[in-house]
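See structure below.
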Amino acid sequence: MSASKRDQILHHAATCFAARGLDATMNDIAVVAGVSRRTLYNHFPSREAVLAALVERQSLDFLGHLAVTLPAAADFPAFVLECCCAIIRESPRQPLALLHVGNEAGRAATALHFGSPRLIEAWLDFFGPPYVEALRRGEIDPAITLPGLLAWIGRIVTSFLQVSLPGDDEAAIRDQIDRFFIRALRP
1 MSASKRDQIL HHAATCFAAR GLDATMNDIA VVAGVSRRTL YNHFPSREAV LAALVERQSL
61 DFLGHLAVTL PAAADFPAFV LECCCAIIRE SPRQPLALLH VGNEAGRAAT ALHFGSPRLI
121 EAWLDFFGPP YVEALRRGEI DPAITLPGLL AWIGRIVTSF LQVSLPGDDE AAIRDQIDRF
181 FIRALRP
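In terms of this note's numbering, the sequence shown opens at residue 1 and continues consecutively.
What follows is the structure, encoded as structure tokens:
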């Protein structure tokens, strides 16, 4: 199967998962994609493998989007704040509804995201150069490791995506993240 055919299957699988959640079966995916079940199984050994490929593709696309759309920041903590706010604001608008972490499919997608070595590496690559520069300039506490920082970013944005509270507009979310997380990054 060509890469474009694989992409077509993933596109149709996204439609299935968005419509049916985790109840979408391999048969559903094959029917919507217009391929035989055998073809589907030749390239994706399970429904979970299809879901993992979808989450990875969307997450890498989203990270690429962040890389070109984030506004310039005064320093690394401000960059982290901008990243958190952009993720919270823009994740729900992504075409694959699986990243809406408040539902069952979203929780499964979130677990896949945080367990994907390729995605972890991509986030490390994204934050690595500004993190190293921030350490060099003394902008952040040197006891904060990059993997630890990324884990906290993931936990924070996931919690805001899972639960919306009264008064949680973008300004309030920005203030909370700044007050309770970003300020702790500084030495």
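Every residue, glycine too, gets a C-beta built ideally from N, C-alpha and C.
The structure displayed is predicted, hence computed values, not measured ones.
If we ignore side chains and look at the alpha-carbon of each, how far apart do residue i and residue j end up?
{"i": "Trp123", "j": "Phe114", "result": "10 Å"}
{"i": "Thr15", "j": "Ser91", "result": "17 Å"}
{"i": "Ala172", "j": "Leu119", "result": "29 Å"}
{"i": "Val55", "j": "Arg47", "result": "12 Å"}
{"i": "Ile182", "j": "Ser36", "result": "50 Å"}
{"i": "Pro71", "j": "Arg38", "result": "46 Å"}
{"i": "Leu63", "j": "Pro129", "result": "15 Å"}
{"i": "Leu135", "j": "Asp168", "result": "32 Å"}
{"i": "Ser164", "j": "Asp141", "result": "30 Å"}
{"i": "Thr145", "j": "Leu60", "result": "22 Å"}
{"i": "Phe180", "j": "Gly148", "result": "16 Å"}
{"i": "Ala111", "j": "Arg93", "result": "19 Å"}
{"i": "Ala67", "j": "Asn42", "result": "34 Å"}
{"i": "Leu150", "j": "Ser116", "result": "14 Å"}
{"i": "Ile153", "j": "Arg174", "result": "13 Å"}
{"i": "Ala143", "j": "Glu133", "result": "15 Å"}
According to DSSP, is residue i part of a helix, a strand, or is it coil?
{"i": "Ile182", "result": "helix"}
{"i": "Ser46", "result": "coil"}
{"i": "Leu70", "result": "coil"}
{"i": "Gln94", "result": "coil"}
{"i": "Thr158", "result": "helix"}
{"i": "Pro187", "result": "coil"}
{"i": "Leu99", "result": "At Leu99, the pLDDT of 46 sits below 50, so the modelled position is not reliable and the matter cannot be decided from this model."}
{"i": "Gly148", "result": "helix"}
{"i": "Leu165", "result": "coil"}
{"i": "Glu56", "result": "helix"}
{"i": "Ala24", "result": "coil"}
{"i": "Pro142", "result": "coil"}
{"i": "Val35", "result": "coil"}
{"i": "Asp75", "result": "coil"}
{"i": "Ser116", "result": "coil"}
Taking the CB atoms as reference points, tell me whether residue i and residue j lie closer together than 7 Å.
{"i": "Met26", "j": "Leu40", "result": "yes"}
{"i": "Arg6", "j": "Pro77", "result": "no"}
{"i": "Asp75", "j": "Glu121", "result": "no"}
{"i": "Phe79", "j": "Ala73", "result": "yes"}
{"i": "Ile156", "j": "Leu81", "result": "no"}
{"i": "Val50", "j": "Ala13", "result": "yes"}
{"i": "Phe160", "j": "Ile88", "result": "yes"}
Using a Cβ-Cβ cut-off of 7 Å, state whether residue i counts as contacting chain D.
{"i": "Tyr131", "result": "In the displayed structure, chain D is absent; only one protein chain is listed."}
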